[in-house]
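Since the structure comes first, as structure tokens, the remarks are kept for the end.
Protein chains: 2
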Amino acid sequence: MDNCCTPLFAGVIDEEEATEMAPVLAALGDPVRLRMISMLAAAPEGSVCGCDLEEPLELSQPTVSHHLKVLREAGLIEGERRGRWIHYSVVPERVTEIRDALSPVRALV
Amino acid sequence: MDNCCTPLFAGVIDEEEATEMAPVLAALGDPVRLRMISMLAAAPEGSVCGCDLEEPLELSQPTVSHHLKVLREAGLIEGERRGRWIHYSVVPERVTEIRDALSPVRALV
DNA sequence: CCAATATATTGATCACTGTCAATACATCGT
DNA sequence: ACGATGTATTGACAGTGATCAATATATTGG
Numbered sequence: 030m031d032n033c034c035t036p037l038f039a040g041v042i043d044e045e046e047a048t049e050m051a052p053v054l055a056a057l058g059d060p061v062r063l064r065m066i067s068m069l070a071a072a073p074e075g076s077v078c079g080c081d082l083e084e085p086l087e088l089s090q091p092t093v094s095h096h097l098k099v100l101r102e103a104g105l106i107e108g109e110r111r112g113r114w115i116h117y118s119v120v121p122e123r124v125t126e127i128r129d130a131l132s133p134v135r136a137l138v
Numbered sequence: 030m031d032n033c034c035t036p037l038f039a040g041v042i043d044e045e046e047a048t049e050m051a052p053v054l055a056a057l058g059d060p061v062r063l064r065m066i067s068m069l070a071a072a073p074e075g076s077v078c079g080c081d082l083e084e085p086l087e088l089s090q091p092t093v094s095h096h097l098k099v100l101r102e103a104g105l106i107e108g109e110r111r112g113r114w115i116h117y118s119v120v121p122e123r124v125t126e127i128r129d130a131l132s133p134v135r136a137l138v
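Protein chains in written order, with the working numbering: chain A, 30 to 138; chain B, 30 to 138.
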């Protein structure tokens with residue numbers, strides 16, 4: 030029953046925070062979606078219409094739509110309708126937010 | 030057939046890079062593993078033995094072991110055997126690496 | 001209104017994942 | 001060597017997710 034070390038502590042993220050943060054990271058945890066985001070970010074205008082994603086990703090239109098939805102619901106991208114097309118762009122604040130959430134870990138080194 | 034916008038571009042991460050990066054982010058995309066990592070990082074010694082994780086996470090030992098394995102294989106944590114126990118600690122370089130990978134997106138704003 | 005095109009949804013299928021009980025393996029103390 | 005304890009693996013199950021074909025919705029141009 031003797032413990033091996035100081036049990037635990039404080040300063041740990043609670044379950045709620047973890048539950049909010051995880052889906053955003055999970056949305057990023059897919060190669061297709063990573064490429065999508067990089068495509069949007071690298072686009073000259075900063076946005077790309079969905080129709081231009083199918084070909085380079087070699088995926089069907091429904092699959093592209095599905096991934097865009099996942100990214101959208103994670104708040105990582107947003108779509109703006111321009112006539113018949115929808116232009117998707119990265120939400121930089123959201124990316125920064127999730128990136129900064131990874132910083133405290135580093136601060137403890 | 031008329032395109033809605035400038036097709037695509039350059040500076041996009043290739044499939045290989047996306048395939049390397051995605052599993053690490055996917056490993057972070059789970060609330061249990063996020064709490065685990067924060068626990069390791071917040072520990073006074075910077076490490077925690079696996080046996081001290083089951084209770085606060087309210088998970089069985091095999092499940093804890095499973096999540097530790099996922100994080101280990103993603104290179105996010107590492108375990109050091111000390112006698113009967115294994116002390117797990119965050120690999121800060123890895124966290125920084127994945128954090129920085131999210132930076133270029135911001136640079137384009 | 002109608003045809004064409006972009007996007008979203010539905011339904012189906014297959015693969016993967018989180019979880020636990022049961023079991024095996026490893027290490028220490030006696 | 002043996003029992004106790006921490007860790008890993010296996011097998012099973014339920015839930016989720018990636019993918020596509022088919023279909024529906026939305027918007028524009030004629």
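Note that CB positions come from ideal geometry on N, CA and C, so glycine has one too. Keep in mind the model is a prediction, meaning the values are calculated, not measured.
For residue i, which of the options has the nearest alpha-carbon?
i: Arg110 (chain B); options: B:Glu49, B:Val93, B:Val77, B:Leu131; result: B:Val77
i: Glu107 (chain B); options: B:Leu57, B:Ile127, B:Leu69, B:Pro85; result: B:Leu69
i: Tyr117 (chain A); options: A:Ala47, A:Glu84, A:Gly104; result: A:Gly104
i: Glu45 (chain A); options: B:Ala72, B:Glu102, B:Leu86; result: B:Leu86
i: Leu88 (chain A); options: A:Met65, A:Arg123, A:Pro73, A:Glu126; result: A:Met65
i: Thr125 (chain A); options: B:Ile115, B:Ser132, B:Leu97, B:Ala56; result: B:Ser132
Taking just the CA atoms, how far does residue j sit from residue i?
i: Leu54 (chain A); j: Met50 (chain B); result: 12 Å
i: Val138 (chain A); j: Pro121 (chain B); result: Only weak support is given to the placement of Val138 (chain A): the predicted model assigns it a pLDDT of 41, under 50, and the value that follows is read from those uncertain coordinates. One C-alpha to the other measures close to 7 Å.
i: Arg113 (chain A); j: Ser94 (chain A); result: 15 Å
i: Cys80 (chain A); j: Leu63 (chain A); result: 17 Å
i: Pro91 (chain B); j: Arg101 (chain A); result: 35 Å
i: Gly58 (chain A); j: Ala56 (chain B); result: 8 Å
i: Val119 (chain A); j: Glu74 (chain B); result: 39 Å
i: Lys98 (chain A); j: Ile127 (chain B); result: 23 Å
i: Gly115 (chain A); j: Glu84 (chain B); result: Checking the displayed sequence, the identity of residue 115 (chain A) turns out to be Ile instead of Gly. So the two alpha carbons sit approximately 48 Å from each other.
i: Arg123 (chain A); j: Val41 (chain A); result: 22 Å
i: Ala71 (chain A); j: Asp129 (chain A); result: 21 Å
i: Ile67 (chain B); j: Leu82 (chain A); result: The residue asked about is misnamed: residue 67 (chain B) is Ser in this sequence, not Ile. So the two alpha carbons sit approximately 36 Å from each other.
i: Asp43 (chain A); j: His96 (chain A); result: 29 Å
Whose Cβ in chain B lies nearer than 8 Å to the Cβ of residue i?
i: Thr92 (chain A); result: Residues of chain B passing the Cβ test: none, with the nearest at roughly 15 Å.
i: Arg110 (chain A); result: Neighbours of Arg110 (chain A) on chain B: none; closest Cβ ~11 Å, over 8 Å.
i: Leu141 (chain A); result: This structure gives no information on residue 141 (chain A), because the portion of chain A shown stretches from 30 to 138.
i: Ile127 (chain A); result: Leu131
So residue i is in the alpha helix (DSSP H); what residue range does that whole segment cover?
i: Arg64 (chain A); result: 60-71
i: Val93 (chain B); result: 90-102
i: Ala55 (chain A); result: 44-57
i: Glu83 (chain A); result: 83-86
So with CB distances below 7 Å, who are the chain B contacts of residue i?
i: Ile42 (chain A); result: Leu63, Arg64, Ser67
Where does the unbroken beta strand (DSSP E) through residue i begin, and where does it stop?
i: Ile106 (chain A); result: 106-111
i: Met120 (chain A); result: Correcting the residue type first, residue 120 (chain A) is Val in the shown sequence and not Met. Careful: Val120 (chain A) lies outside any beta strand (DSSP E) and carries neither H nor E.
Which residues in chain A sit within 9 Å of residue i, going by Cβ to Cβ distance?
i: Leu57 (chain B); result: Met50, Ala51, Leu54, Ala55, Leu57, Gly58, Leu131
So residue i packs on residue j, CB below 8 Å; how close in whole Å?
i: Thr48 (chain A); j: Pro60 (chain B); result: 5 Å
Less than 8 Å between the CB of residue i and some heavy atom of the ligand FMN, yes or no?
i: Ser76 (chain A); result: As presented, the structure is devoid of all ligands, the ligand FMN included, so that no description of it is given.
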